[in-house]
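*Asks:* The numbers in full-length UniProt numbering rise by one with no breaks, and the one at position 261 of the sequence shown is 261.
This structure is in structure tokens; I'll ask about it shortly.
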Amino acid sequence: MEVETSASAATARRVRFQGAEYIEYDMEQAPVVHYCGVGRRTELAATTEAAMRMEWEARGRPSSEFTVQALESLYLKELEERVRIYGIAPVTQLGLAALRAQLELVEVLATELVVQDVMETDVPCKLDTDARRALQLAKKEVPGYSADGYVFGRRFYSVDDFLDLFEVDELKEIADNYACEVPKLTGAEKAKVKVTESELVAVHPAILGKPLKMLTLREMVAEGHLRGVDVKEVLAAGKGKKGKKKWLSVLRPLMQKQLLQAKWEEVHREMVKKALTGQVEKCAAEQQQQQLLELISLHLQRAGVAWEAPATGNLEDRLSIAFMALFGHLHPEFPTKQLKVM
1 MEVETSASAA TARRVRFQGA EYIEYDMEQA PVVHYCGVGR RTELAATTEA
51 AMRMEWEARG RPSSEFTVQA LESLYLKELE ERVRIYGIAP VTQLGLAALR
101 AQLELVEVLA TELVVQDVME TDVPCKLDTD ARRALQLAKK EVPGYSADGY
151 VFGRRFYSVD DFLDLFEVDE LKEIADNYAC EVPKLTGAEK AKVKVTESEL
201 VAVHPAILGK PLKMLTLREM VAEGHLRGVD VKEVLAAGKG KKGKKKWLSV
251 LRPLMQKQLL QAKWEEVHRE MVKKALTGQV EKCAAEQQQQ QLLELISLHL
301 QRAGVAWEAP ATGNLEDRLS IAFMALFGHL HPEFPTKQLK VM
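What follows is the structure in structure tokens.
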């Protein structure tokens, strides 16, 4: 890539690039760490031994242990884990191709759930890879909590990142909404929190981070005033003497107390967040599974498949049964009727 500069370009503070019309890449290379090429065109899947070995090594596995069978077993395990995230039983018994098709279908359905309020038209009942690409484009228009990312410029918060946005009092309110018991900070847990001398530093903007022992008398007075110390009382107690020793005896216990309080609040916040994270994730998973069950029933109805969602039983089992019906309808090449929900 060449960079041209000229007098006019320099004046305008612009840089013009040449030879950057194309981005070259090797189509023979493996789709490294891409779950057996899920979401990619068939010709981009790892088919040669060199490409398979690259997939194996990309997962941190030693090259000496590589075999095609070992890589396929690793693919099966990865795909199973991805499918189970949605609360659906994987069709491991039918092999890698069926499991790959299952993951592609469940990701199409999950993406449709996210964008169903912004889609202008219904998604085709075919529910293939092209439909998922259209859904992923629509997903970019979905409002909600999001942050800048390095891949496509936008990513959704995880539950953990979302809860990091709130203070402890706000987390308590969220816990009440989810009927989650708020843990209390006991005396034993408070006793574990210690404050060292090196942690006693100034918070005044002019001397921020400076250790207490290194503060001058004037800096101590400024720091004490910022922390709410009555300067006149300190001077009166010292009989008018402006000594650093007197200010040290005032500031040290005050800073220790304030720092301990801040540490206790942080420990308590982490306890509340930990208790709340599991509950929020559980509720979110159950909500998604229920919505997936309703969406699958809708697609089966549109396709004219005579089927009714089970009214009783575990939610994950009912979802897996419904999904198996849709999967068998869209992929008749796989004998799904012989399988049992596990």
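Glycine included, C-beta positions come from ideal geometry on N, C-alpha and C.
Being a predicted model, the structure only gives us computed values, none of them experimental.
Can you tell me whether DSSP reads P205 as helix, strand or coil?
*Replies:* Locating residue 205 in the sequence shown gives position 205, counting from the first residue. Three-state result, P205: helix.
*Asks:* Quick one, which of V201, R269, Q301 and K263 has its alpha-carbon nearest E170's?
*Replies:* Walking along the sequence shown from the start, residue 170 turns up at place 170. Comparing Cα-Cα distances from E170 to each of V201, R269, Q301 and K263, the minimum goes to R269.
*Asks:* Could you have a look at L183 and say whether DSSP puts it in helix, strand or coil?
*Replies:* Here the question's residue 183 lines up with position 183 in the sequence shown. It is Pro, not Leu, that sits at residue 183 in the sequence shown. In this structure, P183 counts as coil in the three-state DSSP scheme.
*Asks:* Would you check if the distance between the CB atom of L251 and the CB atom of G224 is smaller than 7 Å?
*Replies:* The residue given as residue 251 occupies position 251 in the sequence shown. The residue given as residue 224 occupies position 224 in the sequence shown. A contact, by the Cβ cut-off of 7 Å.
*Asks:* Any contact of the stretch 205–217 with the stretch 295–306, i.e. 3+ C-beta pairs under 8 Å?
*Replies:* The stretch 205–217 makes no contact with the stretch 295–306: fewer than 3 CB pairs, one atom from each, lie closer than 8 Å.
*Asks:* Among R53, Q290, L109 and K282, whose alpha-carbon lies nearest the alpha-carbon of D317?
*Replies:* Taking the sequence shown and counting its residues from 1, one reaches residue 317 at position 317. Cα-wise, what sits closest to D317 is Q290.
*Asks:* Should I85 be labelled buried (16 or more other beta-carbon atoms within 10 Å of its own) or exposed?
*Replies:* Here the question's residue 85 lines up with position 85 in the sequence shown. Only exposed fits I85, as fewer than 16 other CB atoms lie within 10 angstroms of its CB.
*Asks:* Let me know if A306 comes out buried or exposed under the rule of 16 or more other beta-carbons within 10 Å of its beta-carbon.
*Replies:* Working through the sequence shown from its first residue, we reach residue 306 at position 306. Under this definition A306 is an exposed residue.
*Asks:* Where does P90 fall in DSSP's three states?
*Replies:* Translated into positions along the sequence shown, residue 90 becomes position 90. Of the three classes helix, strand and coil, the one that applies to P90 here is coil, per DSSP.
*Asks:* CB-CB under 7 Å to W264, same chain, minus the five flanking residues each way: which ones, in chain order?
*Replies:* Against the sequence shown, residue 264 aligns to sequence position 264. Excluding sequence neighbours, W264 sits near L185, K190 and V193.
*Asks:* State the start and end residues of the unbroken alpha helix (DSSP H) segment that holds M214.
*Replies:* For the purposes of this step, residue 214 is identified with residue 214 of the sequence shown, where counting begins at 1. Here M214 belongs to no alpha helix (DSSP H), and DSSP marks it neither H nor E.
*Asks:* I'd like the list of long-range same chain contacts for A110, defined as Cβ closer than 8 Å, with 5 residues on each side in sequence excluded.
*Replies:* Working through the sequence shown from its first residue, we reach residue 110 at position 110. Answer for A110: Y86, Q288 and L292, listed in chain order.
*Asks:* Using only CA atoms, which one of S64, W247, P253 and V91 lies nearest to E199?
*Replies:* Numbered from 1 along the sequence shown, position 199 holds the residue referred to as residue 199. Residue P253 is the option with its Cα nearest to E199.
*Asks:* To the nearest angstrom, how far is the alpha carbon of L330 from that of M324?
*Replies:* Residue numbering aside, residue 330 sits at position 330 when the sequence shown is read from its first letter. Residue numbering aside, residue 324 sits at position 324 when the sequence shown is read from its first letter. Cα to Cα, the separation comes out at about 10 Å.
*Asks:* From G209 to C180, what distance separates their C-alpha atoms?
*Replies:* In the sequence shown, counting from the first residue as 1, residue 209 sits at position 209. In the sequence shown, counting from the first residue as 1, residue 180 sits at position 180. Approximately 38 Å, taken between the alpha carbons.
*Asks:* For V159, I'd like the list of residues in its chain whose CB is within less than 8 Å of its CB, leaving aside the five on either flank, ordered along the chain.
*Replies:* Mapped onto the sequence shown, residue 159 falls at position 159. Cβ within range, chain order: T277, V280, E281 and A284.
*Asks:* Can you tell me the Cα-Cα spacing of V234 and W247, whole angstroms?
*Replies:* Counting from 1 along the sequence shown, the entry for residue 234 is found at position 234. Counting from 1 along the sequence shown, the entry for residue 247 is found at position 247. Near 8 Å, if we compare the C-alpha coordinates of W247 and V234.
*Asks:* In the structure shown, what three-state DSSP assignment does residue 352 receive?
*Replies:* Examination of residue 352 is not possible in this model, given that the chain is present from 1 through 342 alone.
*Asks:* Can you tell me which of K172, E72, E197 and V83 puts its alpha carbon nearest to the alpha carbon of A101?
*Replies:* Taking the sequence shown and counting its residues from 1, one reaches residue 101 at position 101. Nearest C-alpha to A101: V83.
*Asks:* What distance in whole Å lies between the Cβ atoms of H204 and A222, which are believed to be in contact at a cut-off of 8 Å?
*Replies:* Numbered from 1 along the sequence shown, position 222 holds the residue referred to as residue 222. Numbered from 1 along the sequence shown, position 204 holds the residue referred to as residue 204. Right, the Cβ-Cβ distance comes to about 5 Å (below 8 Å), so this counts as a contact.
*Asks:* Which residue marks the beginning of the alpha helix (DSSP H) containing residue 344, and which one marks its end?
*Replies:* The structure shown does not extend to residue 344, since the chain is modelled only from 1 through 342, so no value can be given for it.
*Asks:* Would you say L71 and L99 are within 7 Å of each other, going by their C-beta atoms?
*Replies:* In the sequence shown, residue 71 corresponds to position 71, counting from 1. In the sequence shown, residue 99 corresponds to position 99, counting from 1. Taking 7 Å as the Cβ cut-off, L71 and L99 do not qualify as a contacting pair.
*Asks:* In angstroms, rounded to a whole number, what distance separates the CA positions of A322 and A89?
*Replies:* If you number the sequence shown from 1, residue 322 lands on position 322. If you number the sequence shown from 1, residue 89 lands on position 89. C-alpha separation (whole angstroms): 11 Å.
*Asks:* Considering only the alpha carbon of each residue, which of S63, L326 and E197 lies closest to K257?
*Replies:* Walking along the sequence shown from the start, residue 257 turns up at place 257. The shortest Cα separation from K257 among S63, L326 and E197 belongs to E197.
*Asks:* What are the start and end residues of the alpha helix (DSSP H) that includes A306?
*Replies:* On the sequence shown, residue 306 is found 306 positions in, with the first residue counted as 1. In the DSSP assignment, A306 falls outside any alpha helix (DSSP H) and carries neither an H nor an E.
*Asks:* Between the alpha carbons of V168 and M271, how many angstroms are there, rounded?
*Replies:* As a working note, residue 168 is residue 168 in the sequence shown. As a working note, residue 271 is residue 271 in the sequence shown. V168 and M271: Cα-Cα distance of roughly 10 Å.
*Asks:* Taking buried to mean at least 16 other C-beta atoms within 10 Å of its own C-beta, is Y75 buried or exposed?
*Replies:* Translated into positions along the sequence shown, residue 75 becomes position 75. By the 10 Å Cβ count, Y75 comes out buried.
*Asks:* Could you give the DSSP three-state label for N314: helix, strand or coil?
*Replies:* Sequence index remark: in the sequence shown, residue 314 carries index 314 (1-based). The answer is coil: DSSP assigns N314 none of H, G, I, E or B.
*Asks:* Which term fits K273, buried or exposed, when burial requires 16 or more other beta carbons within 10 angstroms of its beta carbon?
*Replies:* By 1-based counting over the sequence shown, the position of residue 273 is 273. Label assigned to K273: buried.
*Asks:* Taking buried to mean at least 16 other C-beta atoms within 10 Å of its own C-beta, is A206 buried or exposed?
*Replies:* The count along the sequence shown starts at 1 and reaches residue 206 at position 206. A206 comes out exposed.
*Asks:* Can you name the start and end residues of the alpha helix (DSSP H) that S73 belongs to?
*Replies:* Within the sequence shown, numbered from 1, the residue matching residue 73 stands at position 73. Where S73 is concerned, the enclosing alpha helix (DSSP H) stretches over V68 to R84.
*Asks:* Give me the residue from P62, A58, M52 and G95 with the minimum Cα distance to E333.
*Replies:* Locating residue 333 in the sequence shown gives position 333, counting from the first residue. Answer by Cα proximity: G95.
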